[in-house]
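Residue numbers (this note's numbering), protein chains in the order written: chain A, 1098 to 1411; chain B, 1098 to 1411; chain C, 1098 to 1411; chain D, 1098 to 1411. Backbone N, C-alpha and C fix where the C-beta goes; we use that ideal spot for every residue, glycine too.
There are 4 protein chains.
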Amino acid sequence: MLTFDETSSGVFIVSVTPFDERGALDLAGVDRLVDFYLSKGVAGITILGMMGEAPKLSASESRIFVEAVCARVGGAVPVVVGVSSPGFASMQELTEAAMGAGASGVMVAPPATLRTDSQIVDYFRMTAETLGPVPFALQDFPLATGVQIAAPILRTIADEIPTCVMLKHEDWPGLDKITALRQAEAKGGRRISILVGNGGLFLPEELARGGDGAMTGFAYPEMMVQVCRLHAMGDTDAASDLFDAYLPLVRYEQQPGIGLATRKHVLHARGVIASARIRRPGRALSGMETAEVERLIARQARRLDQLVRIEELS
Amino acid sequence: MLTFDETSSGVFIVSVTPFDERGALDLAGVDRLVDFYLSKGVAGITILGMMGEAPKLSASESRIFVEAVCARVGGAVPVVVGVSSPGFASMQELTEAAMGAGASGVMVAPPATLRTDSQIVDYFRMTAETLGPVPFALQDFPLATGVQIAAPILRTIADEIPTCVMLKHEDWPGLDKITALRQAEAKGGRRISILVGNGGLFLPEELARGGDGAMTGFAYPEMMVQVCRLHAMGDTDAASDLFDAYLPLVRYEQQPGIGLATRKHVLHARGVIASARIRRPGRALSGMETAEVERLIARQARRLDQLVRIEELS
Amino acid sequence: MLTFDETSSGVFIVSVTPFDERGALDLAGVDRLVDFYLSKGVAGITILGMMGEAPKLSASESRIFVEAVCARVGGAVPVVVGVSSPGFASMQELTEAAMGAGASGVMVAPPATLRTDSQIVDYFRMTAETLGPVPFALQDFPLATGVQIAAPILRTIADEIPTCVMLKHEDWPGLDKITALRQAEAKGGRRISILVGNGGLFLPEELARGGDGAMTGFAYPEMMVQVCRLHAMGDTDAASDLFDAYLPLVRYEQQPGIGLATRKHVLHARGVIASARIRRPGRALSGMETAEVERLIARQARRLDQLVRIEELS
Amino acid sequence: MLTFDETSSGVFIVSVTPFDERGALDLAGVDRLVDFYLSKGVAGITILGMMGEAPKLSASESRIFVEAVCARVGGAVPVVVGVSSPGFASMQELTEAAMGAGASGVMVAPPATLRTDSQIVDYFRMTAETLGPVPFALQDFPLATGVQIAAPILRTIADEIPTCVMLKHEDWPGLDKITALRQAEAKGGRRISILVGNGGLFLPEELARGGDGAMTGFAYPEMMVQVCRLHAMGDTDAASDLFDAYLPLVRYEQQPGIGLATRKHVLHARGVIASARIRRPGRALSGMETAEVERLIARQARRLDQLVRIEELS
């Protein structure tokens, strides 16, 4: 059974939040979106992350969306809910709603004001106190939050706070951080799950360093799922071959702002969501960006074809 | 009649949010707090500002607090509600609740991500579109938000957006900004109200530059009210004498973090709030800080005495 | 003849600065480094950029290195010298030394303190006044400087300051910025050269948007030179095929901090520099990083082989 | 004899750098400036600090200025030279020049890129290694540098690095930091000198917490010297009375940017420097600012008169 805990692995897809053309929550589209992710073999679904436009939803919208997603997932895989908030009262309110709706846990990124090591540790102590028994993933994403957490501080948190079950790893550069954490575990530290982010931009290397999978988004979740599987089977070259075929688009989707527009554009083109609409101040892809994305998709398809033929020849 | 519009003047006190000793909203204490502010002669009350610990309240707590304050104020003075939010959906939800409860308008600070002039203007266009007919104060507080708004850009916003009725001015340094804005008005720009902030640290100079009053907090609102009155009467020396007597404490209250603890400590000591409690990660004054504040208050009282005696002699 | 002006195109390679194993400037190695770059077909050499560890050199070391490079280049291609500085006195001193040594121009990135549009324009006015007749490239690299420059502001600078001859473009996302600048030129704006950066991570798309080439570093400059040539010949698919073969390493080299260590490691492995040493607080590649880089290089070679065979078959 | 070491106390005045009307170094004016400071009873002179416009001087200008100041001081008091630099090579070059000219030590602020505790400790280890036997003051000024150093980390540095002899304390809020440091010393930590900054805005409280004096600038150094003396004599009320008389101007001088213009304006008005000129992008006081400063000086003189009369009466 799939769970959200220290042993979680595979791809926890960071879900988009679907809106209709006027920018309202597209609740009718939730089922199709969830079904799409499940059909691609994800091990979990993370909603209300940064790329889920969480800060753009009101508190009541957030609750409604969580309920709709949890209802459709129906326990097939764990649902993790982003509850990062400028204050603990909001965090607690949304956590309670999410767990009541059937979520398996939550995700918390540190607020931009934290600087020193002790401020960071104190913050996650208060977070754990706020969440009570609810398990959480710590999102370590300095490029977005401005907060840098040294590996030994992540160890302190993991060793001291049993409800911190997972690191959503997206430091940049971050490869040595995974190694440092795994080495500390080898010396007796508590093991937690490490799922990597950044749209999967370093997925092959991160898995080799000891990542358990990915918790991030990409318009082709099947690539990340398959790369994780090939890696688990020890076929790292096949994993990298597959990854490289998608890399030009992964790179394009990693652009701040435009990245989410790209992802929603592709998911719309794939028939997964009814509208590529992003809430303000986000914007849709321009005409030239659309052409670039479509060219990358065509080249990607050609490359996947080549891969198949090369494999057949060998 | 007192209103919240382009002509507003005097002191719009930035209210603290009272908690009980366990950190819960002290709704029972709202009446006493409101009565205190009204008794000191304020021209308005601003709630859910940064020093009102707004980000630490959940959405439902915010609504409850707004309702309690508006009910007690009962239209005696305008109530302005801070609705700054990472997204427009939350901003809209709280604005509707506030106006429904009887508030006169709202206050909006820009999110920390804004950098270029056009990003700033666009943001306030979207804000105005979100708020509809509701009048708002633009909070210009770069030290807290990281967003720097040049005077000509404030003019663009004031001239283009009729619902922007007030500037909560707390740039630092900011004196020349007031002058630049007033000069542009003299050349035909639309006049808006300018109420100054920063705990009143530059109140005499800011009034002389053209400020209409203050929208900020200080544990002795009567000082700010009286300084504004003396200034309006043209007695700038008496205004400065009074201000200078309080300046050592104003300075102490301007310390980030500790400042709010100081303000709540004094309001508690004055019998205005039942507890000086601040929500996490804020903290109460340490013993040494308490002693410092009490020494400053004792010296302040002595100085006010001297002022009276000097006046009697002259 | 190759020049540094509004018409410059091709690859201006951002040179590393070679140190010996003890961290001293490796002046003896300058000739080999210059010869390597020239042999790869670069159109210019940019020294003392961020990836040239410029801030880690003393003023006297900077002058000595500029002289050594200019002497070896001997006018074969333009040499551009990074002179970004916290103050104009240092900028002027280094510019005079560089032009005296035979450089063709300089490069200037804005200081991190700039925020508003007018602060930015004023800064480059003062820069131009400081530089006098010396042509300069404006480095637009918000991820490193924190300064965001809107496209219309770049237009203002280009139109108003004739000595600003080039944009070193490395905004992220930045594709639409190139288009906006070229469209403004089409409507009568002054044309300047746009050379792209970010290690070439978006080189194919940037050239298609109107970039004239690249001003950045990568351990295989020949890739960037060849991509620019293929693009100029209209063979965009061949350009992208070549680019994609190197993309996994380009991506790896784009990691902050580790990126420069990677570049120097590869240049050392290729026999270009005598030591991969980076000055403190930089560090060399770890053992695992080295293994990752070497794996990427091996895969890259295999992929280039495949490309040749695919081409032969067609 | 006055020294720069762990026992230093009193006022180390942060000197302005005098320019002539065209912005060139006013070397002819150095003697008058130094004599002024010495005549006011300072215990040391700190040059090339942030308020000494250090980043606006070229490397050669810095050396020339250091030599001129040291020559005039002639060993009467210690001279401390700001050598903060983006790289260690520049730091070393200036330190060697300074010590050769007769300086007693240097001052180092951390670069803005540091975030985690271990990055900070590592930086000062590398600093100490760079400086060799030269004693240094660590400038802890988060508002300017963006770097927050927790008190235990300052302790680590003080305990581990014997050449770190002084903390230039200007955290904000910072009172509890002084107490924490002194308490750690009481428990066996190595004692270092703590001189406070921020223009002296919290001087009375900081001395009471355990500060040894001030290392900062203010246009009336005699106030800071006298406040330190009165405090040392145990007459804290007289110290505060004197301080309060100057506080309105201290506050005005603490405004970023305008503060230095204010200081130079007053020093020029007092006949200490030949020109109030500030190097670009700094600017001189506007007419209204000048009027404000002159009003504050007039009120300050009146208040000092009152103090004398009150004292005579008592």
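Excluding five sequence neighbours on each side, which residues of the same chain lie with their C-beta closer than 7 Å to the C-beta of residue i?
i               : result
residue 1242(D) : 1206, 1207, 1209
residue 1288(D) : 1103, 1282
residue 1387(C) : 1362
residue 1376(D) : 1116, 1120, 1150, 1153
residue 1260(C) : 1225, 1228, 1230, 1231, 1232, 1233
residue 1245(C) : 1239
residue 1272(A) : 1299, 1302, 1303, 1306
residue 1132(D) : none
Span of the beta strand (DSSP E) holding residue i?
i               : result
residue 1237(C) : 1233 to 1237
residue 1124(A) : From DSSP, residue 1124(A) is part of no beta strand (DSSP E); its letter is neither H nor E.
residue 1263(D) : 1261 to 1266
residue 1290(C) : 1290 to 1293
residue 1176(B) : 1176 to 1179
residue 1296(D) : Premise fails: residue 1296(D) is in no beta strand (DSSP E) and is neither H nor E.
residue 1107(A) : 1107 to 1111
Taking 8 Å as the cut-off, is the CB of residue i close to at least one heavy atom of the ligand HEM?
i               : result
residue 1320(C) : Only the bare structure without any ligand can be found here, which leaves the ligand HEM out of the picture.
Excluding the five sequence neighbours on either side, which residues of its own chain have a C-beta within less than 6 Å of the C-beta of residue i, listed in chain order?
i               : result
residue 1320(A) : 1343
residue 1364(D) : 1316, 1370
residue 1160(D) : 1194
residue 1276(C) : 1306
residue 1199(A) : 1167
Can you tell me where the alpha helix (DSSP H) holding residue i begins and where it ends?
i               : result
residue 1387(D) : 1384 to 1410
residue 1157(B) : 1156 to 1170
residue 1143(D) : It is not in any alpha helix (DSSP H) - residue 1143(D) instead sits in the beta strand (DSSP E) that spans 1141 to 1144.
residue 1258(D) : Premise fails: residue 1258(D) is in no alpha helix (DSSP H) and is neither H nor E.
residue 1272(D) : 1272 to 1283
residue 1068(A) : The shown model of chain A, from 1098 to 1411, leaves out residue 1068(A), and the question about it has no answer.
Check residue i in the structure and name its three-state DSSP category.
i               : result
residue 1312(D) : strand
residue 1135(D) : helix
residue 1331(B) : coil
residue 1356(A) : helix
residue 1101(C) : coil
If I measure Cβ to Cβ from residue i and keep anything under 8 Å in the same chain, skipping five residues before and after, which residues do I get?
i               : result
residue 1123(A) : 1115, 1116, 1117, 1370, 1371, 1372
residue 1223(B) : 1185
residue 1240(C) : 1267, 1269
residue 1201(C) : 1100, 1101, 1141, 1175, 1176, 1177, 1232
residue 1390(A) : 1346, 1349, 1359, 1362, 1363, 1382
Problem set entry | Inside the stretch 1199 to 1247 of chain C only - beta strand (DSSP E) runs reaching at least 3 residues | Correct list: 1202 to 1205, 1233 to 1237.
Exercise. Would you call the stretch 1160 to 1171 of chain B and the stretch 1128 to 1137 of chain B in contact, with 3 or more CB pairs under 8 Å?
Worked result: Yes, since at least three Cβ pairs between the stretch 1160 to 1171 of chain B and the stretch 1128 to 1137 of chain B fall closer than 8 Å, the two stretches touch.
Problem set entry | Contact the stretch 1263 to 1272 of chain D vs the stretch 1291 to 1301 of chain D: 3+ CB pairs below 8 Å | Contact holds: three or more Cβ-Cβ distances are below 8 Å.
Exercise. Are the stretch 1329 to 1342 of chain B and the stretch 1355 to 1362 of chain B touching, with three or more C-beta to C-beta distances below 8 Å?
Worked result: Not touching, per the Cβ criterion.
For this session: Evaluate the contact criterion for the stretch 1105 to 1112 of chain D versus the stretch 1139 to 1146 of chain D: three or more CB pairs, one atom per stretch, below 8 Å.
Result: Flag = yes, the stretch 1105 to 1112 of chain D and the stretch 1139 to 1146 of chain D touch.
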